[in-house]
Amino acid sequence: MAKGDCFVFLDFAFNQVPAGRVIIKLFLDVAPKTAENFRCLCTGEKGMGQLGKLLYYKGSRMHRVVPLCMVQGGDIVNGDGTSGDSIYGEYFPSEAREVEHTEPGMVGLSIDSSGRNSSQFYITTQPCPHLDDQNVVCGKVVKGLDVIQDMSEIPRENDIPQGDIVICDCGELKPGEPWCLEENDGTADVYPPWPNDWNGSVDEHLLTGVIRDINGSGHIFYHKQSYQDAERKYKKVLRYIDWFIEKSSKRADNSFMEFRYNVLLNLCAVRLKLNKNAEVIQHSSEVIAHNPDNGKAFYRRACAKLALKEYDGALQDLKIAYKLHPNDRSIRNTFEAAKRKRQLYLNKEKLFYSRAFNNVH
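Start counting the sequence shown at 1; every next residue gets the next number (UniProt numbering).
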(Lines of atoms letter the chains of each structure in order from A and count residues from 1; the text may use other names and numbers.)
(Lines give C-alpha, C1' and ligand atoms only; values in the text may rest on other atoms or scores of the structure.)
Protein backbone atom coordinates (compact mmCIF):
# COMPACT_ATOMS: atom_id res chain seq x y z
CA MET A 1 0.00 0.00 0.00
CA ALA A 2 1.56 3.26 -1.14
CA LYS A 3 1.73 6.29 1.11
CA GLY A 4 -1.54 8.17 1.04
CA ASP A 5 -3.55 5.25 -0.35
CA CYS A 6 -7.01 4.90 1.16
CA PHE A 7 -9.20 1.81 0.86
CA VAL A 8 -12.82 1.34 1.91
CA PHE A 9 -15.14 -1.64 1.70
CA LEU A 10 -18.82 -2.20 0.96
CA ASP A 11 -20.45 -5.50 1.95
CA PHE A 12 -23.55 -6.26 -0.12
CA ALA A 13 -26.53 -8.52 0.42
CA PHE A 14 -29.07 -9.42 -2.26
CA ASN A 15 -32.48 -10.14 -0.71
CA GLN A 16 -30.86 -10.70 2.70
CA VAL A 17 -28.34 -13.19 1.22
CA PRO A 18 -24.64 -12.20 1.50
CA ALA A 19 -23.27 -11.33 -1.93
CA GLY A 20 -19.67 -10.38 -1.18
CA ARG A 21 -17.29 -7.57 -0.33
CA VAL A 22 -16.22 -4.79 -2.68
CA ILE A 23 -12.90 -3.01 -2.02
CA ILE A 24 -12.54 0.53 -3.38
CA LYS A 25 -9.37 2.58 -3.62
CA LEU A 26 -10.20 6.25 -3.12
CA PHE A 27 -8.40 8.97 -5.09
CA LEU A 28 -7.71 11.39 -2.24
CA ASP A 29 -4.95 13.06 -4.25
CA VAL A 30 -7.11 13.64 -7.35
CA ALA A 31 -10.54 14.47 -5.90
CA PRO A 32 -9.82 15.06 -2.19
CA LYS A 33 -13.14 16.61 -1.20
CA THR A 34 -15.25 14.05 -3.07
CA ALA A 35 -13.16 11.09 -1.91
CA GLU A 36 -13.21 12.28 1.71
CA ASN A 37 -17.00 12.55 1.57
CA PHE A 38 -17.19 8.95 0.32
CA ARG A 39 -14.73 7.74 2.98
CA CYS A 40 -16.65 9.36 5.83
CA LEU A 41 -19.94 7.98 4.55
CA CYS A 42 -18.35 4.51 4.66
CA THR A 43 -17.24 4.95 8.28
CA GLY A 44 -20.22 6.92 9.59
CA GLU A 45 -17.83 8.99 11.69
CA LYS A 46 -19.63 12.29 11.07
CA GLY A 47 -22.84 11.29 12.83
CA MET A 48 -26.12 12.97 11.91
CA GLY A 49 -26.50 15.05 8.78
CA GLN A 50 -28.48 18.23 8.16
CA LEU A 51 -31.53 16.23 7.04
CA GLY A 52 -31.75 14.24 10.26
CA LYS A 53 -30.26 11.01 8.90
CA LEU A 54 -26.98 9.31 9.77
CA LEU A 55 -24.21 10.16 7.34
CA TYR A 56 -23.56 6.47 6.79
CA TYR A 57 -23.90 4.11 3.85
CA LYS A 58 -24.56 1.11 6.10
CA GLY A 59 -28.12 -0.11 5.63
CA SER A 60 -28.71 1.95 2.49
CA ARG A 61 -30.02 0.47 -0.77
CA MET A 62 -28.79 0.33 -4.33
CA HIS A 63 -31.82 1.89 -5.99
CA ARG A 64 -30.89 1.83 -9.67
CA VAL A 65 -29.33 -0.64 -12.09
CA VAL A 66 -28.65 0.62 -15.62
CA PRO A 67 -27.89 -2.26 -18.04
CA LEU A 68 -24.41 -2.18 -19.56
CA CYS A 69 -23.59 1.00 -17.70
CA MET A 70 -23.69 1.27 -13.89
CA VAL A 71 -25.27 0.49 -10.56
CA GLN A 72 -26.31 3.37 -8.35
CA GLY A 73 -26.96 3.82 -4.63
CA GLY A 74 -26.15 5.99 -1.66
CA ASP A 75 -29.45 7.80 -1.08
CA ILE A 76 -29.10 7.76 2.69
CA VAL A 77 -32.22 9.90 3.17
CA ASN A 78 -35.07 8.39 1.12
CA GLY A 79 -33.41 5.30 -0.31
CA ASP A 80 -34.92 5.74 -3.76
CA GLY A 81 -32.62 8.17 -5.56
CA THR A 82 -34.64 11.30 -4.77
CA SER A 83 -32.38 12.72 -2.09
CA GLY A 84 -29.03 12.51 -0.32
CA ASP A 85 -26.74 14.31 2.11
CA SER A 86 -23.03 14.93 2.49
CA ILE A 87 -20.50 15.71 5.20
CA TYR A 88 -20.36 19.30 3.86
CA GLY A 89 -24.09 19.93 3.98
CA GLU A 90 -26.92 18.68 1.80
CA TYR A 91 -24.94 19.36 -1.38
CA PHE A 92 -21.45 20.44 -2.42
CA PRO A 93 -20.03 21.55 -5.79
CA SER A 94 -18.10 19.25 -8.10
CA GLU A 95 -14.32 19.18 -8.19
CA ALA A 96 -12.20 19.08 -11.33
CA ARG A 97 -12.89 16.03 -13.52
CA GLU A 98 -9.40 14.57 -13.90
CA VAL A 99 -10.10 10.81 -14.14
CA GLU A 100 -12.10 9.32 -17.00
CA HIS A 101 -14.53 6.42 -16.95
CA THR A 102 -12.30 4.15 -19.02
CA GLU A 103 -13.14 0.76 -17.49
CA PRO A 104 -15.56 -1.12 -15.27
CA GLY A 105 -15.35 -0.39 -11.56
CA MET A 106 -14.94 3.39 -11.65
CA VAL A 107 -16.62 5.01 -8.63
CA GLY A 108 -18.08 8.49 -8.67
CA LEU A 109 -20.75 10.65 -7.09
CA SER A 110 -24.04 11.20 -8.86
CA ILE A 111 -25.01 14.81 -9.52
CA ASP A 112 -28.36 16.56 -9.34
CA SER A 113 -29.87 18.76 -12.05
CA SER A 114 -27.69 21.65 -10.85
CA GLY A 115 -24.49 19.61 -11.06
CA ARG A 116 -24.12 19.26 -7.29
CA ASN A 117 -22.98 16.21 -5.30
CA SER A 118 -24.33 14.63 -2.12
CA SER A 119 -24.14 10.99 -0.99
CA GLN A 120 -25.47 9.21 -4.07
CA PHE A 121 -22.79 7.28 -5.95
CA TYR A 122 -22.41 4.95 -8.89
CA ILE A 123 -20.05 2.16 -9.92
CA THR A 124 -19.59 1.52 -13.63
CA THR A 125 -19.94 -1.94 -15.14
CA GLN A 126 -18.20 -1.00 -18.38
CA PRO A 127 -16.43 2.05 -19.85
CA CYS A 128 -18.75 5.08 -19.72
CA PRO A 129 -17.12 7.96 -21.63
CA HIS A 130 -20.43 9.87 -21.68
CA LEU A 131 -19.94 10.50 -17.94
CA ASP A 132 -16.50 12.09 -18.33
CA ASP A 133 -17.76 15.65 -18.69
CA GLN A 134 -20.46 15.33 -16.02
CA ASN A 135 -19.31 13.34 -12.99
CA VAL A 136 -16.23 13.30 -10.77
CA VAL A 137 -14.49 9.92 -10.36
CA CYS A 138 -13.33 9.53 -6.76
CA GLY A 139 -12.22 5.90 -6.68
CA LYS A 140 -11.91 2.52 -8.33
CA VAL A 141 -12.93 -1.03 -7.42
CA VAL A 142 -9.80 -3.12 -6.83
CA LYS A 143 -11.48 -6.29 -5.49
CA GLY A 144 -15.01 -7.62 -5.77
CA LEU A 145 -15.86 -6.26 -9.21
CA ASP A 146 -17.72 -9.50 -9.96
CA VAL A 147 -20.11 -8.64 -7.11
CA ILE A 148 -20.99 -5.45 -8.99
CA GLN A 149 -21.31 -7.26 -12.32
CA ASP A 150 -23.61 -9.81 -10.65
CA MET A 151 -25.65 -6.97 -9.20
CA SER A 152 -26.08 -5.47 -12.67
CA GLU A 153 -27.83 -8.66 -13.82
CA ILE A 154 -30.50 -8.65 -11.11
CA PRO A 155 -34.03 -8.47 -12.61
CA ARG A 156 -35.27 -4.90 -12.83
CA GLU A 157 -38.15 -2.78 -14.08
CA ASN A 158 -37.42 0.69 -15.45
CA ASP A 159 -33.90 0.35 -14.01
CA ILE A 160 -35.31 -0.30 -10.51
CA PRO A 161 -34.04 -3.64 -9.11
CA GLN A 162 -36.78 -6.14 -8.31
CA GLY A 163 -35.40 -7.07 -4.91
CA ASP A 164 -33.37 -5.54 -2.11
CA ILE A 165 -29.71 -4.74 -2.73
CA VAL A 166 -28.40 -3.46 0.57
CA ILE A 167 -25.03 -2.30 1.89
CA CYS A 168 -25.08 -4.43 5.03
CA ASP A 169 -21.71 -3.17 6.26
CA CYS A 170 -19.01 -0.73 5.21
CA GLY A 171 -15.95 1.00 6.54
CA GLU A 172 -12.33 2.02 6.02
CA LEU A 173 -9.46 -0.46 5.81
CA LYS A 174 -6.40 0.81 7.69
CA PRO A 175 -2.85 0.01 6.50
CA GLY A 176 -2.00 -3.60 7.30
CA GLU A 177 -5.59 -4.52 8.09
CA PRO A 178 -6.79 -7.71 6.31
CA TRP A 179 -9.33 -7.18 3.55
CA CYS A 180 -11.43 -10.19 4.65
CA LEU A 181 -12.73 -11.15 1.23
CA GLU A 182 -13.03 -14.78 2.31
CA GLU A 183 -16.18 -16.34 3.71
CA ASN A 184 -16.27 -16.96 7.46
CA ASP A 185 -19.40 -18.94 8.31
CA GLY A 186 -17.94 -21.80 10.32
CA THR A 187 -17.78 -24.25 7.40
CA ALA A 188 -14.79 -25.40 5.36
CA ASP A 189 -15.58 -22.74 2.75
CA VAL A 190 -12.97 -20.08 3.52
CA TYR A 191 -12.72 -18.68 -0.03
CA PRO A 192 -13.95 -15.43 -1.62
CA PRO A 193 -17.38 -15.57 -3.26
CA TRP A 194 -15.76 -14.95 -6.66
CA PRO A 195 -12.64 -16.81 -7.87
CA ASN A 196 -11.13 -13.70 -9.48
CA ASP A 197 -10.57 -12.44 -5.92
CA TRP A 198 -8.89 -15.68 -4.83
CA ASN A 199 -5.11 -15.69 -4.51
CA GLY A 200 -4.76 -19.41 -5.25
CA SER A 201 -3.13 -20.78 -8.39
CA VAL A 202 -4.82 -22.39 -11.38
CA ASP A 203 -3.95 -25.88 -10.21
CA GLU A 204 -6.42 -28.73 -10.73
CA HIS A 205 -5.38 -30.65 -7.61
CA LEU A 206 -5.63 -27.53 -5.41
CA LEU A 207 -8.93 -26.45 -6.91
CA THR A 208 -10.44 -29.91 -6.46
CA GLY A 209 -10.07 -29.47 -2.71
CA VAL A 210 -11.50 -25.95 -2.88
CA ILE A 211 -14.65 -26.94 -4.76
CA ARG A 212 -15.22 -29.93 -2.47
CA ASP A 213 -15.01 -27.60 0.53
CA ILE A 214 -17.51 -25.17 -0.97
CA ASN A 215 -19.82 -27.98 -2.08
CA GLY A 216 -19.68 -29.50 1.40
CA SER A 217 -20.63 -26.13 2.84
CA GLY A 218 -23.66 -26.16 0.56
CA HIS A 219 -24.66 -29.57 1.91
CA ILE A 220 -24.45 -28.27 5.48
CA PHE A 221 -26.77 -25.38 4.75
CA TYR A 222 -29.13 -27.63 2.78
CA HIS A 223 -29.50 -30.03 5.70
CA LYS A 224 -30.08 -27.06 7.99
CA GLN A 225 -32.88 -26.05 5.59
CA SER A 226 -31.06 -22.78 4.94
CA TYR A 227 -31.91 -23.09 1.29
CA GLN A 228 -30.89 -19.62 0.13
CA ASP A 229 -27.43 -20.09 1.62
CA ALA A 230 -27.19 -23.57 0.11
CA GLU A 231 -28.14 -22.15 -3.29
CA ARG A 232 -25.48 -19.46 -2.92
CA LYS A 233 -22.83 -22.09 -2.16
CA TYR A 234 -23.72 -24.36 -5.09
CA LYS A 235 -23.66 -21.37 -7.45
CA LYS A 236 -20.24 -20.50 -6.02
CA VAL A 237 -18.93 -24.01 -6.76
CA LEU A 238 -20.02 -23.64 -10.38
CA ARG A 239 -18.28 -20.25 -10.60
CA TYR A 240 -15.00 -21.76 -9.41
CA ILE A 241 -15.27 -24.71 -11.80
CA ASP A 242 -16.11 -22.50 -14.80
CA TRP A 243 -13.30 -20.12 -13.83
CA PHE A 244 -10.82 -22.99 -13.77
CA ILE A 245 -11.98 -24.25 -17.16
CA GLU A 246 -11.54 -20.76 -18.62
CA LYS A 247 -8.15 -20.12 -17.01
CA SER A 248 -6.62 -23.58 -17.39
CA SER A 249 -4.21 -24.15 -20.24
CA LYS A 250 -5.35 -27.76 -20.53
CA ARG A 251 -8.75 -29.33 -20.81
CA ALA A 252 -10.31 -30.38 -17.51
CA ASP A 253 -10.49 -34.14 -17.07
CA ASN A 254 -13.75 -36.11 -17.08
CA SER A 255 -13.94 -36.47 -13.29
CA PHE A 256 -13.78 -32.69 -12.95
CA MET A 257 -16.64 -32.22 -15.41
CA GLU A 258 -18.68 -34.98 -13.76
CA PHE A 259 -18.38 -33.10 -10.49
CA ARG A 260 -19.83 -30.04 -12.23
CA TYR A 261 -22.91 -32.00 -13.32
CA ASN A 262 -23.36 -33.32 -9.78
CA VAL A 263 -23.30 -29.76 -8.48
CA LEU A 264 -25.96 -28.83 -11.03
CA LEU A 265 -28.15 -31.57 -9.56
CA ASN A 266 -27.48 -30.21 -6.07
CA LEU A 267 -28.59 -26.82 -7.33
CA CYS A 268 -31.73 -28.43 -8.78
CA ALA A 269 -32.56 -29.93 -5.39
CA VAL A 270 -32.29 -26.64 -3.52
CA ARG A 271 -34.10 -24.65 -6.21
CA LEU A 272 -36.99 -27.07 -6.03
CA LYS A 273 -37.23 -26.09 -2.37
CA LEU A 274 -37.17 -22.42 -3.38
CA ASN A 275 -39.82 -22.95 -6.07
CA LYS A 276 -37.43 -21.87 -8.85
CA ASN A 277 -38.81 -24.46 -11.21
CA ALA A 278 -37.82 -22.90 -14.53
CA GLU A 279 -34.16 -22.92 -13.43
CA VAL A 280 -34.49 -26.55 -12.30
CA ILE A 281 -35.72 -27.54 -15.76
CA GLN A 282 -32.81 -25.69 -17.35
CA HIS A 283 -30.13 -27.27 -15.13
CA SER A 284 -31.53 -30.80 -15.23
CA SER A 285 -31.87 -30.62 -19.02
CA GLU A 286 -28.18 -29.71 -19.22
CA VAL A 287 -27.32 -32.80 -17.18
CA ILE A 288 -29.59 -35.00 -19.32
CA ALA A 289 -27.97 -33.70 -22.51
CA HIS A 290 -24.64 -34.83 -21.09
CA ASN A 291 -25.91 -38.13 -19.66
CA PRO A 292 -29.30 -39.42 -20.89
CA ASP A 293 -29.14 -42.21 -18.28
CA ASN A 294 -29.14 -39.91 -15.27
CA GLY A 295 -32.38 -40.84 -13.55
CA LYS A 296 -31.94 -38.22 -10.82
CA ALA A 297 -31.93 -35.47 -13.45
CA PHE A 298 -35.15 -36.80 -15.02
CA TYR A 299 -36.78 -37.04 -11.60
CA ARG A 300 -35.89 -33.48 -10.58
CA ARG A 301 -36.99 -32.12 -13.93
CA ALA A 302 -40.27 -33.98 -13.50
CA CYS A 303 -40.79 -32.45 -10.06
CA ALA A 304 -40.27 -28.98 -11.51
CA LYS A 305 -42.69 -29.65 -14.36
CA LEU A 306 -45.22 -31.01 -11.91
CA ALA A 307 -44.98 -27.81 -9.85
CA LEU A 308 -45.62 -25.84 -13.05
CA LYS A 309 -48.64 -28.08 -13.84
CA GLU A 310 -46.93 -29.48 -16.93
CA TYR A 311 -48.41 -32.88 -16.17
CA ASP A 312 -47.74 -34.67 -19.45
CA GLY A 313 -44.09 -33.62 -19.48
CA ALA A 314 -43.72 -34.59 -15.84
CA LEU A 315 -45.19 -38.05 -16.42
CA GLN A 316 -42.93 -38.61 -19.40
CA ASP A 317 -39.83 -37.77 -17.34
CA LEU A 318 -41.05 -39.88 -14.43
CA LYS A 319 -41.49 -42.90 -16.68
CA ILE A 320 -37.87 -42.60 -17.78
CA ALA A 321 -36.66 -42.05 -14.21
CA TYR A 322 -38.63 -45.08 -13.00
CA LYS A 323 -37.21 -47.23 -15.80
CA LEU A 324 -33.69 -46.21 -14.76
CA HIS A 325 -34.43 -46.68 -11.04
CA PRO A 326 -37.26 -49.23 -10.74
CA ASN A 327 -36.77 -49.71 -6.98
CA ASP A 328 -36.92 -46.02 -6.04
CA ARG A 329 -40.06 -45.42 -3.98
CA SER A 330 -39.86 -41.64 -4.29
CA ILE A 331 -40.07 -41.86 -8.07
CA ARG A 332 -42.95 -44.34 -7.91
CA ASN A 333 -44.90 -42.27 -5.38
CA THR A 334 -44.37 -39.07 -7.35
CA PHE A 335 -45.47 -40.87 -10.53
CA GLU A 336 -48.74 -41.95 -8.89
CA ALA A 337 -49.29 -38.46 -7.47
CA ALA A 338 -48.68 -36.91 -10.89
CA LYS A 339 -51.26 -39.22 -12.50
CA ARG A 340 -53.85 -38.21 -9.89
CA LYS A 341 -53.12 -34.50 -10.32
CA ARG A 342 -53.35 -34.80 -14.08
CA GLN A 343 -56.71 -36.55 -13.83
CA LEU A 344 -58.06 -33.93 -11.43
CA TYR A 345 -56.90 -31.22 -13.82
CA LEU A 346 -58.62 -32.92 -16.78
CA ASN A 347 -61.81 -33.35 -14.77
CA LYS A 348 -61.86 -29.66 -13.85
CA GLU A 349 -61.29 -28.68 -17.48
CA LYS A 350 -64.09 -30.99 -18.62
CA LEU A 351 -66.46 -29.50 -16.06
CA PHE A 352 -65.50 -25.95 -17.01
CA TYR A 353 -66.14 -26.48 -20.73
CA SER A 354 -69.34 -28.38 -20.03
CA ARG A 355 -70.75 -25.45 -18.08
CA ALA A 356 -69.52 -22.99 -20.68
CA PHE A 357 -71.32 -24.78 -23.51
CA ASN A 358 -74.50 -25.22 -21.44
CA ASN A 359 -74.65 -21.46 -20.95
CA VAL A 360 -74.57 -20.81 -24.69
CA HIS A 361 -78.05 -19.89 -26.03
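By construction, the Cβ of each residue, glycine as well, lies at the ideal position given by its N, Cα and C atoms.
Practice item. Return the residue from the list L54, D242, I220, G139 that minimises the CA-CA distance to P32. Key: G139
**Study point:** Secondary structure of E172, DSSP reduced to three states
**Key:** Three-state result, E172: strand.
Exercise for review: Please list, in chain order, all residues of the same chain as L131 whose beta carbon is under 6 Å from its beta carbon, the five residues on each side excluded.
Suggested key: H101
**Study point:** Backbone secondary structure at Q282 - three-state DSSP
**Key:** helix
Review point. Cα separation between C303 and I320?
Key: 13 Å
**Study point:** Residue from S118, Y222, H223, D189 whose Cα sits closest to the Cα of L207
**Key:** D189
**Study point:** Range of the contiguous beta strand (DSSP E) that encloses M70
**Key:** 70-73
Practice item. Could you tell me how far apart the beta carbons of C168 and C42 are, in whole angstroms, since I believe they sit closer than 8 Å? Key: Not a contact, Cβ separation roughly 13 Å.
Practice item. For D262, I'd like the list of residues in its chain whose CB is within less than 7 Å of its CB, leaving aside the five on either flank, ordered along the chain. Key: Checking the displayed sequence, the identity of residue 262 turns out to be Asn instead of Asp. Excluding residues within five positions, none has a Cβ falling inside 7 Å.
**Study point:** Simplified DSSP state of V237, which is helix, strand or coil
**Key:** The answer is helix: DSSP assigns V237 an H, G or I state.
Check your understanding: Counting pairs of beta carbons, one from the segment 201-219 and one from the segment 234-246, are three or more of them closer than 8 Å?
Key -> Flag = yes, the segment 201-219 and the segment 234-246 touch.
Practice item. Determine the direct distance from the alpha carbon of K339 to that of P161, and round the result to whole angstroms. Key: Looking at the two C-alpha atoms, the distance is approximately 40 Å.
Check your understanding: Taking the Cβ atom as the reference point for each residue, do N196 and L145 lie within a distance shorter than 9 Å?
Key -> yes
Check your understanding: With DSSP run on the structure shown, which of helix, strand or coil describes C268?
Key -> helix
Exercise for review: Specify whether the segment 20-36 and the segment 51-66 touch according to this definition: at least 3 beta carbon pairs, one from each stretch, less than 8 Å apart.
Suggested key: No, the segment 20-36 does not touch the segment 51-66.
Review point. What are the boundary residues of the beta strand (DSSP E) that includes A19?
Key: 17-26
Point to revise | Proximity to H205 [Cα-Cα], best of E286, S255, L306 | key: Selected option, being the one with the closest Cα: S255.
Check your understanding: Skipping 5 residues on each side, what residues in its chain have a beta carbon closer than 7 Å to that of V270?
Key -> Y222, Y227, A230, E231, Y234
**Study point:** Opening and closing residue of the beta strand (DSSP E) in which K143 lies
**Key:** 137-143
Review point. Is the distance from the Cβ of S86 to the Cβ of G49 below 9 Å?
Key: The Cβ-Cβ distance between S86 and G49 falls below 9 Å.
Practice item. Look up R97 in the DSSP assignment and say whether it is helix, strand or coil. Key: coil
**Study point:** Proximity to I111 [Cα-Cα], best of E103, G216, R97, G105
**Key:** For I111, the nearest C-alpha among the options comes from R97.
Review point. Are the segment 62-77 and the segment 146-160 in contact at 8 Å, needing three or more beta carbon pairs?
Key: Yes, they touch.
Point to revise | Delimiting residues of the alpha helix (DSSP H) encompassing R212 | key: 204-223
Review point. At least one CB of chain C closer than 9 Å to the CB of E100: is that the case?
Key: The question asks about chain C, but that chain is absent: this structure has only one protein chain.
**Study point:** N37 - containing alpha helix (DSSP H), residue span
**Key:** 32-43
Check your understanding: Is it true that the CB of F335 sits closer than 9 Å to the CB of L173?
Key -> Between L173 and F335, the C-beta spacing is not below 9 Å.
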